[in-house]
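Scroll down for the structure; my scribbles are underneath it.
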Amino acid sequence: MDNEPTKPAVQEEMPFAVVQGEPVTVLPNDLYIPPDALEVILEAFAGPLDLLLYLIRRQNLDILDIPIAQITQQYMEYIAMMEELRLEIAAEYLVMAAVLAEIKSRMLLPRVVEAEDEEDPRAELVRRLQEYERFKQAAQDLDTLPRMERDLFTTAAELPEIQRRMVLPDVSLDELLRSFRDVLNRADMFTHHNIEREALSVRERMTLVLSALQEREFVEFGSLFAAREGRLGVVVTFIALLELLKESVIELVQSEPFAAIYVKAADRQLQASS
Amino acid sequence: MNEEMLKSTIEALLLAADRPLSTRNLVELLAGEHESPNHEDVRSALDALGEEWRARGAELVRVASGYRLQVRQTFEPWVARLWEERPPRYSRALLETLALIAYRQPITRAEIEDVRGVSVSSQIVKTLLEREWVQVLGHRDTPGRPAMYGTTRQFLDYFNLKSLDQLPSLVELKDVESMNPELEFDAPQAQDSGAQAAAAGDELH
Amino acid sequence: MNEEMLKSTIEALLLAADRPLSTRNLVELLAGEHESPNHEDVRSALDALGEEWRARGAELVRVASGYRLQVRQTFEPWVARLWEERPPRYSRALLETLALIAYRQPITRAEIEDVRGVSVSSQIVKTLLEREWVQVLGHRDTPGRPAMYGTTRQFLDYFNLKSLDQLPSLVELKDVESMNPELEFDAPQAQDSGAQAAAAGDELH
C-alpha cells in the first residue's frame, strides 16, 4: 500500500525503480550498489521506449523537446552498463540505439535552405514515444483501479448440502425420427416394409393390452374394447390382440363354453413358478 | 469502533473468509492501534448478527472451529442449479433403439439388434427405462423369455404426442423431403425469436 | 414464490455463486414448475436487496456480467488480514500489454509490440488468456493469420467495471507539428529554450 501523499508529479523525478523500499531516481555513477541491485534497476525498464522516456522525464523535458544528442549519449551509457553487467540486452535496445544515432546524424547535417515540408528527423520517434507513454500511463491507471483480490473481495457463504441431480439430455422428435430413418436405411427395411402400412395404432394398442396384463393376471376380453372408440377402435384392438396371439405373447382362456373369455400373458405361469 | 461498525466489520470478515472464524480469530483480526474489541464485544456482535440473519438467504452457524455464514438448506434446490452440468447428448445408438421401440413395440432386444445389426448395450436399455420412456411389457414366451419393450405415457408426453399415431408413418418417413420443409420453416422462426430475446436483453440493461 | 421468499432465494444464490449473476441467469435459475419469476420480479427483488445491504458488511454491485455481493471497500484493511499471501502483482509488461488490448481491441501481438517497442513474451499472453481477461477474437486476414485479442467480461468484472467505457480515458496526443526546433547539446540551455519555444508556440496559435 502506498501511503505517501500524492505530490505534484512535475516537480519530482520519477523513480524508475524501488530498491529495498527506496525509490531510485538517479543511477549513481560509481558502482557502490551491488551489481545485482543494478541489474534489478536496469531490468525495470519495460523496453527501449521506456528507457528513453525515463531519460527525458528525468530532466523534466517535454517529449517534443528532445535534445537528441544528449539523450543519445545517455542512452548509450545505459546500454554500456547493461553490457558490463552482462545483462541480456534485448535486440530492441540495440535497434533503438541505431535509430537514435541516425536521427542524431541527420540533425547534424546542415538543413537544406528552409525546407518547409521537411519533417523534423525526430518526428517519428516522438510519435512513438507519445504513443508508448499513453499506454504506459493507461497501464498505471489500470493498476490503480480497485480490483479483486487486492482491493475488492467477493462474498461467499458455505453451501448447503447439495444433492447431485442428474440433468437429462434433451431429445427432439426430429432427432428421433432421423435416427429411425437412418437405422431403416441401413437395415434396408424400407424395401421390405414399404408396402405394409405401419399401423402404429395397432402397435400402441398391443402395448396397452400388455400394460393392462401387467397389472392384472387376467383381463376380460370384452373389457379391452371400448364402444366409444367406434368400429375403427374395435378393429384396431382386435388386430392388436390377434397380433399378440400370433406372436405367442398372450393367451386367451375360457373355462367353459360361452363363459367369459379372458386374456392372460403367455409367460405368466412361468413367471409365477420361477 | 462502535457497535454497528463492529457488527458490519465482522459481517464483512465472515462473508469474505473461506473458513469458519472463531471469536479468538475475530478478536485478533480486529485488533487495532487504538480500540481493540474484546471477546465480549465480538460475542455480542455475533449474537446480534445471528439475529439479523435469521430470515435471510444464509444463516450464521457455529461449527467446531468457529462461526460461518451458510446458505440455508431450504435454498438447496436453487443453489444446486448453479453447478448443474450441461447434460451430455444421447448417443445415436440410444436414439435408434428408442425409435425402434416406438415403431415396433412390443419388441425384444434381439429384434432391435436384428434391425440395427449391432448389439444393444444394457446401459442403453437401462437409461431408457430410467428415463421412463420405455417399459417392459412382459416377456415373450420363447426360450430365454426375453423382455418385450414398449414406450410409455411419459414418452408421449415428452414428445408432445397424443398417441403413437402421430408419429410419421414409414412411408412418410422415407420421403426425406417431407421432413425438410418443416425444418426450413422452423429455422427463420428460431432466428427471429433469438433476435427478439437479444432485443429484450438489451432493453433490460 | 412471494416477494420475501424471492429476495432470500436470490440472496442465497448470490452468496453461493462463485461468479456474478445476471438477471437473465437468475430468471433461469429461479424458473420453477409452477410460478417462475420474470425479469421484472427479479429486478425489483435485486433493488430491494441492494437497499437492504446498504449499511452492511457487503454491498450489491453490478459489474459487466451481472450482480455480485462484494465486501465493502471500507473493510479492506481488516479483510486483507484474512490471507497471508499478498495479492498477486502484475509486471509492467503485463499491464501495458493488457492496457493495449483493452483500449485497442481487436489488436494483434505485432501491433502491441509495435507500440511497446519490445516483443511480448508468450508467458504474458498465456497468463492473460489463463486468467480469462483476454480472449482471441479471431484471426486477421493477413499473412500468418495472426490472432486478434480482446478483453473479456471477466476482465471487466475483475476490475469492477460495467463496460469498457468506464476505463480511465487515454491521455491526448500532442501534435508533432508543434515540435520545437532542435535544441543544442548542453542540457541547461535546452531546458531554457524549451520554455521559450513553448511560449513562442502559444503566440503562434
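Residue numbers (this note's numbering), protein chains in the order written: chain L, -14 to 259; chain C, 316 to 520; chain E, 316 to 520.
Glycine included, each C-beta is placed from N, C-alpha and C at the ideal position.
Quick caveat: nothing in here was measured; it's all calculated off a predicted structure.
| Asked | Found |
| --- | --- |
| Interface partners of L/Ala250 on chain C, CB under 7 Å | Gly453 |
| Separation of L/Val219 from C/Arg396, as counted between CA atoms | 48 Å |
| Chain-ordered neighbours of C/Arg339 on chain E, where CB pairs are closer than 7 Å | The premise fails here: C/Arg339 is roughly 14 Å from chain E at the closest Cβ pair, so nothing lies under 7 Å. |
| Chain E within 8 Å of L/Leu130, Cβ atoms only | yes |
| Neighbourhood of L/Leu40 by C-beta distance below 6 Å, restricted to the same chain and skipping five residues each side | Ile56 and Gln59 |
| Any C-beta of chain E under 8 Å from that of C/Val394 | yes |
| Three-state secondary structure (DSSP) of C/Ala512 | Confidence is the limiting factor: at C/Ala512 the pLDDT is only 36, short of 50, which leaves the residue's position unreliable, though a coordinate-based value still follows. Helix, per DSSP. |
| Reference C/Thr423; option with closest CA among C/Gln469, C/Arg358 and C/Gly465 | C/Gly465 |
| Rounded separation between E/Thr442 and L/Phe30 - CA only | 20 Å |
| Unbroken beta strand (DSSP E) run spanning C/Gln385, endpoints | Gly381 to Val386 |
| Per-residue DSSP class, three states only, for C/His349 | coil |
| Spatial distance of L/Glu241 from L/Tyr247 (CA atoms) | 11 Å |
| First and last residue of the uninterrupted beta strand (DSSP E) at L/Phe203 | Phe203 to Glu205 |
| Under the three-state DSSP convention, the category L/Met66 falls into | helix |
| Paired residues, beta bridge with L/Thr57 - DSSP | Looking at the DSSP assignment, L/Thr57 forms no beta bridge with any residue, so it has no partner. |
| Closer than 8 Å at the beta carbon, the chain L residues around C/Glu411 | Ser164, Phe165, Asp167 and Val168 |
| Short CB-CB distance (under 8 Å) between C/Tyr382 and chain L | no |
| Check: C/Asn340 C-beta below 7 Å from any heavy atom of the ligand HEM | With respect to small molecules bound, the structure shown includes none, and the ligand HEM cannot be examined in it. |
| L/Phe203 to C/Lys477 span [Cα, whole Å] | 28 Å |
| Proximal chain L residues relative to E/Pro403, where beta-carbon distance stays under 7 Å | Glu134 |
| Member of C/Arg334, C/Arg455 and C/Thr467 whose CA lies at the smallest distance from the CA of L/Ala250 | C/Arg455 |
| Cβ of E/Glu499 within 8 Å of any chain C Cβ | Reliability fails at E/Glu499, whose pLDDT of 44 lies under 50, so the model's placement of it is uncertain and no value is given. |
| Chain-ordered chain C contacts of E/Glu326 [CB-CB under 8 Å] | Arg371, Gly372 and Ala373 |
| Contact between the region 136 to 149 of chain L and the region 68 to 79 of chain L (3+ Cβ pairs under 8 Å) | no |
| Neighbourhood of C/Val394 by C-beta, 8 Å cutoff - its chain only, sequence neighbours within 5 removed | Val386 |
| Simplified DSSP assignment, three categories, for E/Glu319 | helix |
| Distance between E/Ser323 and C/Arg369 (C-alpha atoms, nearest Å) | 11 Å |
| Contact set for L/Thr139: own chain, Cβ-Cβ below 6 Å, skip 5 residues either direction | none |
| Proximity below 8 Å, CB of L/Pro33 to CB of E/Gly432 | yes |
| Cβ of L/Met92 within 8 Å of any chain C Cβ | no |
| Bridge-paired residues (DSSP) for E/Gln450 | E/Gly465 |
| Expected contact under 8 Å - CB spacing of E/Asp490 and E/Pro335 to nearest Å | At roughly 42 Å, the Cβ-Cβ gap does not stay under 8 Å, so E/Asp490 and E/Pro335 are not in contact. |
| Within chain E, partners of C/Ala331 - CB distance below 7 Å | Val386, Val394 and Leu397 |
| Beta carbon proximity, E/Lys489 to chain L, threshold 8 Å | yes |
| Paired residues, beta bridge with L/Glu143 - DSSP | C/Gln385 |
| Contact check, L/Ser164 vs C/Leu410, beta carbons under 8 Å | yes |
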